[in-house]
Each structure stands twice: as structure tokens, then as C-alpha cells.
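*Asks:* Residue numbers (our numbering), protein chains in the order written: chain A, 1 to 197; chain B, 1 to 197; chain C, 1 to 197; chain D, 1 to 197. Glycine included, each C-beta is placed from N, C-alpha and C at the ideal position. Shown below is the structure under consideration.
Protein chains: 4
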Amino acid sequence: MANGRTPRQQQAEETKNRLIDSALKVFSTKGFAASTTKDIAKEAGVTDGLIYHYFKSKQDLIWAILERHTLVHHIQGMLAGLKPEMSTTNIVQHYVRSLFQMLKQNNDLIVLIYGEAQRDPDIRDRLAGIVSGGAKPLAAALAGRSRLDEDALRHAVRNLQFAVVQYYLILYRTRPDEEELEHYLTATANQFVTIIE
Amino acid sequence: MANGRTPRQQQAEETKNRLIDSALKVFSTKGFAASTTKDIAKEAGVTDGLIYHYFKSKQDLIWAILERHTLVHHIQGMLAGLKPEMSTTNIVQHYVRSLFQMLKQNNDLIVLIYGEAQRDPDIRDRLAGIVSGGAKPLAAALAGRSRLDEDALRHAVRNLQFAVVQYYLILYRTRPDEEELEHYLTATANQFVTIIE
Amino acid sequence: MANGRTPRQQQAEETKNRLIDSALKVFSTKGFAASTTKDIAKEAGVTDGLIYHYFKSKQDLIWAILERHTLVHHIQGMLAGLKPEMSTTNIVQHYVRSLFQMLKQNNDLIVLIYGEAQRDPDIRDRLAGIVSGGAKPLAAALAGRSRLDEDALRHAVRNLQFAVVQYYLILYRTRPDEEELEHYLTATANQFVTIIE
Amino acid sequence: MANGRTPRQQQAEETKNRLIDSALKVFSTKGFAASTTKDIAKEAGVTDGLIYHYFKSKQDLIWAILERHTLVHHIQGMLAGLKPEMSTTNIVQHYVRSLFQMLKQNNDLIVLIYGEAQRDPDIRDRLAGIVSGGAKPLAAALAGRSRLDEDALRHAVRNLQFAVVQYYLILYRTRPDEEELEHYLTATANQFVTIIE
DNA sequence: GATGAATGAGACTTCATTCAT
DNA sequence: GATGAATGAAGTCTCATTCAT
Chain A
1 MANGRTPRQQ QAEETKNRLI DSALKVFSTK GFAASTTKDI AKEAGVTDGL IYHYFKSKQD
61 LIWAILERHT LVHHIQGMLA GLKPEMSTTN IVQHYVRSLF QMLKQNNDLI VLIYGEAQRD
121 PDIRDRLAGI VSGGAKPLAA ALAGRSRLDE DALRHAVRNL QFAVVQYYLI LYRTRPDEEE
181 LEHYLTATAN QFVTIIE
Chain B
1 MANGRTPRQQ QAEETKNRLI DSALKVFSTK GFAASTTKDI AKEAGVTDGL IYHYFKSKQD
61 LIWAILERHT LVHHIQGMLA GLKPEMSTTN IVQHYVRSLF QMLKQNNDLI VLIYGEAQRD
121 PDIRDRLAGI VSGGAKPLAA ALAGRSRLDE DALRHAVRNL QFAVVQYYLI LYRTRPDEEE
181 LEHYLTATAN QFVTIIE
Chain C
1 MANGRTPRQQ QAEETKNRLI DSALKVFSTK GFAASTTKDI AKEAGVTDGL IYHYFKSKQD
61 LIWAILERHT LVHHIQGMLA GLKPEMSTTN IVQHYVRSLF QMLKQNNDLI VLIYGEAQRD
121 PDIRDRLAGI VSGGAKPLAA ALAGRSRLDE DALRHAVRNL QFAVVQYYLI LYRTRPDEEE
181 LEHYLTATAN QFVTIIE
Chain D
1 MANGRTPRQQ QAEETKNRLI DSALKVFSTK GFAASTTKDI AKEAGVTDGL IYHYFKSKQD
61 LIWAILERHT LVHHIQGMLA GLKPEMSTTN IVQHYVRSLF QMLKQNNDLI VLIYGEAQRD
121 PDIRDRLAGI VSGGAKPLAA ALAGRSRLDE DALRHAVRNL QFAVVQYYLI LYRTRPDEEE
181 LEHYLTATAN QFVTIIE
């Protein structure tokens, strides 16, 4: 009674969430078009028809996924550990590692978004939003510390992000190599510091 | 023996090439799974069944596309203009602009490969190949000029490529802005030079 | 013993009746096969499942509708206003207008029955019953006043009914035109009198 | 070669026509909504998918049916036998019998149109057109012979048609009785002559 | 070489019906 | 009595693929 949700409603919400999670998993594995509602239902352990009790269409599942997984709080979390007294190098090292953690933790979502962005303008917009959502706070944190003007700093930060994400998607995801990763992140962060200082 | 091909053979080859080009266009627009053979046939101006006279299956068209468009010669062309007497800055500026030109000229192929790479391991390998295919020659050209060791230089070059490609796919392609592009390429090239020198 | 029904029983009966009325409305609008139980429940302002608390099946709703709306008393009411001292013309004029009123007042039911009669033999029988139910009393009222033999009179009365019902269903219902209707009913009644006198 | 259609095209057209005929048969039996495309395909002896090679949708089949079976030439044929020297009675007798023949010969189409007219405005319009298409020529043929004014004659003719069609749909079709039919048609025609002379 | 009719598997979606709460 | 989550069968439609012409 505390939260006004009956057990029945709670279970319904659980089922709905399970469907969203299953859809995310299936979509990210096969791509949206190649995924079937049957796959999703089976993954969620329910029958086909139930999807349409909760969602208007297969496409609707994509919106539900994006609504549920905003990434925004992940990005904010990433920057929570940043403290003013840290050195620039420390800040950047912390940032690239946090970003990489977030990519790993949200692997399915990232893969889904990058995969579908090429053909769905709405998702492409979403992706652009995520990119700038991550870039802005770091640019702000580094504002006073850099010899670059605002514009150049923005470019640099965005390039940093692009590079790390691509490294994850193309190289790391296929053949994870933790040692190589460590070198890569360290080198990339240091090179970034060279640029801005 | 001039060319040893009858007019019929020539026409057949033309038709086949037209089908490959049409498939590339359609696949890059809708994605492989969401494209239909009917779409492709219509785009090529032939009837449905003819595809199966030239190709074993829809999937086979992907292989044919990749075989026909290697990008390798594009990448080599990119570097053809590089001359030993150019300054490092000039070399890098030339490189990022050539790379960007290549992306624009091969838009469909790039979009197709990036879109399908997430779900087709063969294509992912192909993508990885392209990436290193582009990175190696630039790394070689810069070898003697950089204070970085080989490993760090490789990371830097790869990051440069990742960044430019992402910039193209996510930002430029959706809303082309030539002025902003110019700033971006200049800044990115310069920042890269800062790293390696 | 006043009425011997608890409030709950009363409410149950109300709900059931509301469901029957809603079903009639929906069926007559979309036809039986194209109507969904969800439509009906929504129209009645209850949830899907409740229908099956009151009715065995969707088909069962049709029976319930037909049971509740017999039309018999409407037809009898139609003839209640007939008095022996009225002229034949007056009787017939009164009859066609009463019949038309009944059609308007029972529009949904009439549309439903005519629409479904083609594919449901039970409903076709019901329709035949309605037709003769209306024809017999008029034939009786006119028995002594006509030069026609019983058989011919029956045909004439039935044709009168058929014509008026069709006029309602095909012409009036789609584009009501009260003036034209008035002409039509007057002419039709007069022509009928010409036949039987 | 004579007509420029290859045997292949001819067979395709036959298949298409067979599908239209099958659809008409199935629709008129079960009604549009309750008919399945599988029913239609089976009736035509082809597989489900082929329907969509020839028609855009199930609904499209209705339009194709209506286009193919105009009834207009049937109605004109009905009146072809009318000759100026025939007596009015003969003309009307001929007309009602021709009309009835047409109903029997086009049973499926008539049943379909009457059944769907209640819920499809387009079909209702089509039905209204058929009704007036049949009424006008008879009214014209009788114009000089009747004491009725134009308006009254139109009403009378329309009522005649309505009555015969309803008789066919409701009474005859369910339990055909040739003797009773003969009485009915004779009586109805005679009564009509009484009205107009 | 080219056509397009035909197939058949399977996709998305709807919906009557059941049942635990 | 009332709810609405869940089922599962079936329906419309799509599409890769085959093949006779």
C-alpha cells in the first residue's frame, strides 16, 4: 500500500521491463529488422501476443528501450568522481576509463544505437545527443585549464570520445585484450592532454 | 581479340554491375535486412528474378559489393599526393582532407559497412582491415618525424581516423556544414601534429 | 419482497443490459465479424474480461440482443392506433408512417439483422418472422375492404413492407431528406390503396 | 499474336480472374470480414501469397470484383427484349421476370453487395446506383403509358424493384418454391399495372 | 539473357477467450 | 462482480527464391 501498487501491477511492470530488456538484447544481437517478435517473446519467457498488450508495435519497443535507458545518468555518474584538485592528466585518465566502463556496461544499448543510427534519423539524433551530452561536461571541467579556445576544445573532446567509442566497437568488442586496452587508454589520454595543455 | 567479349557478354556484365551498384545503394539506405530484392531489381531497372541469374542469394550480393569496392586503391590514392619534402603539418592536413573526400565519395559503402559490421563478423573484419589499411601508410610516412614510439604513433593515427570517420557519419552526413567542417579538419589535424611532434 | 433484488443484482443487470446495448451498437456499425469484444467492452465502459462473466461467447451476444429486442411489441404498437372507422387510405397511411418510425427507432437492430441475415440462417429466419409478423395484422385489418383474394393481398402487403424497408435502408439512411420522404410515403400508400381497392 | 497477348499473359489474366471469382464466391458466402485470404486462395487453387501478386490487399479484391461485374449490361440486356408493340402488362411481366433471372444469375454478387452495403459507404453508393440504373429505363419505357406523373412513376418503379429484390433475398433464396414464385411475380406485375394505368 | 508468375515459409499483428487476483 | 494480464490460434501480408517460358 505504501507505494499504491498492487502485487498484480508490480508483476505487470516487471513483465513489461523484461520485454524491454529482452528486446534490447535481441535487437543488439541481430539488428532491429532481422529480429522477430517471436525471438523477443521467447527471450522474455512469454507468448508472442503479450508484446502487443504492452506495446503498440515492434517499432514501439525501440522507443521504450530508449526511454528506459537514457545513459544520461551514466554520463553524469562518470563525471561525479572528478574533483577540482585532481590534475588535468588525472581527470582525463579518469574520464576515458569511466567512458569505457559505461560502454561495456551498456554494450547492448550502444551496439543497438550505433547499428540503427545509420538508417533511423530519430536514433541518429539520439546518438548525436548522447555524444554532446558526454562532451559538454568534460569540456566544462577542463575550461580553465586549457590553452585551447572554446571551439578547439570542443573539437578535441568530441574527437576523444569518438575515438574511444570506435575503439570499443570495432577493436575491443571483437577481440578483447585488456593489456592492449590499458596501453591504448593511457596513450590516448596522455595524447589528449598534450593537445590541450 | 580486341576484348574477346561478345556484345551479349558485355551487356551481361553491365547488368551485373548495375545490380551491384543498386544493391549497394539500397542496402546502405535501408540496411541489409530491411532491403528487399524487389527494391534492388527496381532500382536497377530489371525484374525480380534476374538477380538470381547473377547471384546465388541476397547475401551473395553483399560479397559482390565488397569484392567490387575494395577501398584499398582509394586509400593508396589518398597517400599518393604525399611528398617527402612536405611539412608534417601539410602531410596531416592533406591526409585528413583526403580521408574525408574518400568518405564522401564512398558514402554508400561506408554507411553499409558501418551499419552491418555490428552483426556480421565478416564485415566487421573487413572494417578492421580498412581501418588498419589506412592507418599503416600514414604511420609509415610519419615514422621518422615523430617523437612518439611506434606503438603510441599507431594509437594516435588510429584515433585520428576513428574521429574523422565518426565526425562524418554522425555529424556531417546528417547536417552538412562546410564552414564548420573546415574548422574541424584544421583543428583536428593541428591537434594531431601537437601530439606527435 | 418489493422487488427481491439486492443492489448488487440490480447493478449486475444494468451492466448486462449495457453490454447488450453496446454490442448492438457496435455490431450494427461494423458488422459482427469485424467487431471486437474490446470495442464492445470499451463502448460499455467495462473491461474486456467482464463480457465473459455475462455471456458465453461473442456469438452469444447476438442471441442476447435478439432476445431483448423482439420488435413484436413495436409492430403491435404500430397497429394499435388503427380504428375500424378509419378509411382504408387512412389506415394505410398510418401504417407506412408507423413502420417508418419503427425503422428509425430501431435503426441499429434493423441494420444488424439485415446485414447479418445473409450469412446467418438463424437471423434470416428471424428476419422472415419479422416480415410476416408485420404483414399479417395489416392484411387482417384490410381483409374485408379489398377486392383482392387472400393470396394476392398477402403479396401486396409484403411488397409494401419490402419497399418501405429498402427505401429506409438504402436511400433514407444514407441521405435523409424529409420532404422527399413525405412524398414517397404518401405516393406509396396511395398506390397501395389503388391496388387493393 | 492476333491480340498481342502471349500465352503467358493470358494465363496470368485467367489466374487473376479466377481469384476474383473465388473471392466473390467466398465473400458472398461468409461476408467480407469473416472470409480469409486462405479461403480464397484455396478456392482458386493457388497459394496464399499469389493474391498479393495481383492485388494490393484483401479490400482491393472487393474493388476488383465490383469493377469486373458491373451489372449494367445485365440490366440493359433485361430491357433489350422490350418492344414498343407489347402491352403494358407484357412489358412489366417481362421486366420482373428478367430482373429475377438477373438476381439468380448474379446471386453471389447481389448477396455480397447487399450484405456489405450496410457497413461500407462506397458499396452502399454502388447499390444505390444499381437500383436507379434499373429503375430509369423501365420508367422511360412506361412514360407515355401511365396516368402517373413522373415523380409518382419513379416511386412506383423503385418500389417494384425493391420488392422483387427483397423477395429474392429473404424468401426465395432460402427456400426456393417455383410455384409460389410464379404466383408472386404475376401478382406483383399485375398490381403494378393497376397502379400506373 | 530476361521475365514475372508462382511458391511457401514466416513475419507482424489481432483477438476471442481464460483465469488468477 | 470486476479487472486486465496472459494465452494461442489464426489472419493479413511480405519476401527470398524457383522456374517455365
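Can you confirm whether Q105(D), when its beta carbon is compared against all beta carbons of chain C, has any partner nearer than 8 Å?
*Replies:* Output row for Q105(D): interface = no.
*Asks:* Going along chain B, which residues have a C-beta under 9 Å from L61(A)?
*Replies:* The contacting residues do not exist; L61(A) stays about 16 Å from chain B at best.
*Asks:* Return the CA-CA distance between K83(C) and I91(C), expressed in angstroms with no decimal places.
*Replies:* Going from the Cα of K83(C) to the Cα of I91(C) covers about 8 Å.
*Asks:* Please report the Cβ distance between L153(A) and L142(A), rounded to the nearest whole angstrom; I am assuming they are in contact, meaning their Cβ atoms lie under 8 Å.
*Replies:* At roughly 7 Å, the Cβ-Cβ gap stays under 8 Å, so L153(A) and L142(A) are in contact.
*Asks:* Is N237(A) helix, strand or coil by DSSP?
*Replies:* This structure cannot speak to residue 237(A), because chain A is shown only from 1 to 197.
*Asks:* Quick one: using the 10 Å Cβ neighbour count with 16 as the cut-off for buried, is A135(A) buried or exposed?
*Replies:* It counts as buried.
*Asks:* List, from N- to C-terminal side, the beta strand (DSSP E) runs of 3 residues or more that fit wholly inside the region 26-98 of chain C.
*Replies:* Listed in chain order, nothing qualifies, since the region 26-98 of chain C has no complete beta strand (DSSP E) run of 3 or more residues.
*Asks:* Give me the chain D residues within the contact set of R119(C), using Cβ-Cβ distance strictly less than 8 Å, ordered along the chain.
*Replies:* Those are T29, K30, G31, A34 and G115, listed as they occur along chain D.
*Asks:* Take Y184(A) and list the residues in its own chain whose beta-carbon comes closer than 7 Å to its own, dropping the five residues that flank it on each side.
*Replies:* Excluding positions up to five away in sequence, the list reads Y167.
*Asks:* Give the DSSP-derived three-state secondary structure of A2(B) in the structure shown.
*Replies:* Low local confidence applies: a pLDDT of 48 at A2(B) is under 50, so the model's placement there is unreliable, with the coordinate-based value given in what follows. Looking at A2(B) - three-state DSSP - the assignment turns out to be coil, as it is neither helix nor strand.
*Asks:* Just mark R68(D) as buried or exposed, buried being the case when its beta carbon has 16 or more other beta carbons within 10 Å.
*Replies:* When all chains shown are included, R68(D) counts as exposed.
*Asks:* In this structure, how does DSSP classify S146(A) when only helix, strand and coil are distinguished?
*Replies:* Coil, per DSSP.
*Asks:* Quick one: is Q10(D) buried, meaning 16 or more other Cβ sit within 10 Å of its Cβ, or exposed?
*Replies:* Q10(D) should be labelled exposed.
*Asks:* Along chain C, which residues have their Cβ under 9 Å away from the Cβ of V131(D)?
*Replies:* The answer, in chain order, is Q166, I170 and L171.
*Asks:* Run down chain D in chain order and give the residues with a C-beta less than 8 Å from the C-beta of A128(C).
*Replies:* What A128(C) touches in chain D: I170, L171 and T174.
*Asks:* Considering only the beta carbon of each residue, do A163(A) and T194(A) sit closer than 8 Å?
*Replies:* The answer is no: Cβ separation not under 8 Å.
*Asks:* Output the boundary residues of the alpha helix (DSSP H) element that contains L185(B).
*Replies:* That run of the alpha helix (DSSP H) goes E178 to I196.
*Asks:* Start and end of the alpha helix (DSSP H) containing D108(C)?
*Replies:* That run of the alpha helix (DSSP H) goes N107 to A117.
*Asks:* Can the beta-carbon of R126(B) be found less than 8 Å from the beta-carbon of I113(B)?
*Replies:* Cβ atoms of R126(B) and I113(B): closer than 8 Å.
*Asks:* Taking all protein chains shown into account, do 16 or more other C-beta atoms lie within 10 angstroms of the C-beta of Q101(A), making it buried, or fewer, making it exposed?
*Replies:* The residue is exposed, with fewer than 16 neighbouring Cβ atoms inside 10 Å.
*Asks:* Closer than 9 Å by beta-carbon distance: list the chain C residues that pair up with D151(D), in chain order.
*Replies:* Chain C residues near D151(D): H183 and A187.
*Asks:* What would DSSP say about D151(D), mapped onto helix, strand or coil?
*Replies:* Three-state result, D151(D): helix.
*Asks:* Identify the contact partners of V111(D) in chain C, using a Cβ-Cβ distance below 8 Å as the criterion.
*Replies:* By Cβ distance, chain C contributes Q118.
*Asks:* Under 6 Å Cβ to Cβ from I20(A), same chain only, skipping five residues before and after it: list those, please.
*Replies:* Once the five neighbours on either side are set aside, the close Cβ partners of I20(A) are A64, I65 and R68.
*Asks:* How about Q118(C) and V46(D): are their beta carbons less than 8 Å apart?
*Replies:* No, these two residues do not count as a Cβ contact at 8 Å.
*Asks:* Alpha carbon to alpha carbon, how far is L24(B) from K58(A)? Give it in angstroms, no decimals.
*Replies:* Approximately 26 Å between the Cα atoms of the pair.
*Asks:* CB-CB under 7 Å to S103(C), same chain, minus the five flanking residues each way: which ones, in chain order?
*Replies:* A small correction: the amino acid at residue 103(C) is Leu; Ser does not occupy that position in the sequence shown. Excluding residues within five positions, the ones whose Cβ falls inside 7 Å are I110, V165 and Y168.
*Asks:* So, does the CB of T88(A) fall closer than 8 Å to a CB anywhere in chain B?
*Replies:* So no, T88(A) is outside the interface.
*Asks:* For F27(C) and L79(C), I'd like the C-alpha separation in whole angstroms.
*Replies:* Approximately 29 Å between the Cα atoms of the pair.
*Asks:* Would DSSP call T15(C) helix, strand or coil?
*Replies:* In this structure, T15(C) counts as helix in the three-state DSSP scheme.
*Asks:* Are A33(A) and G31(B) closer than 8 Å when you measure CB to CB?
*Replies:* Contact flag set, yes.
*Asks:* How close, in whole Å, do the beta carbons of I196(C) and S146(C) come, if the pair is a contact with beta carbons under 8 Å?
*Replies:* Between S146(C) and I196(C) the Cβ distance is about 4 Å, and since that is below 8 Å, they are a contact.
*Asks:* Rounded to whole angstroms, what's the CA-CA distance from T174(C) to D120(D)? Just pull it up for me.
*Replies:* If I take the Cα positions, the gap works out to 11 Å.
*Asks:* With DSSP as the reference, label D120(D) as helix, strand or coil.
*Replies:* Residue state, collapsed to three classes: coil.
*Asks:* Of all Cβ atoms in chain D, is any one closer than 8 Å to the Cβ of Q76(C)?
*Replies:* For Q76(C), the answer is no, since every Cβ of chain D falls outside 8 Å of its Cβ.
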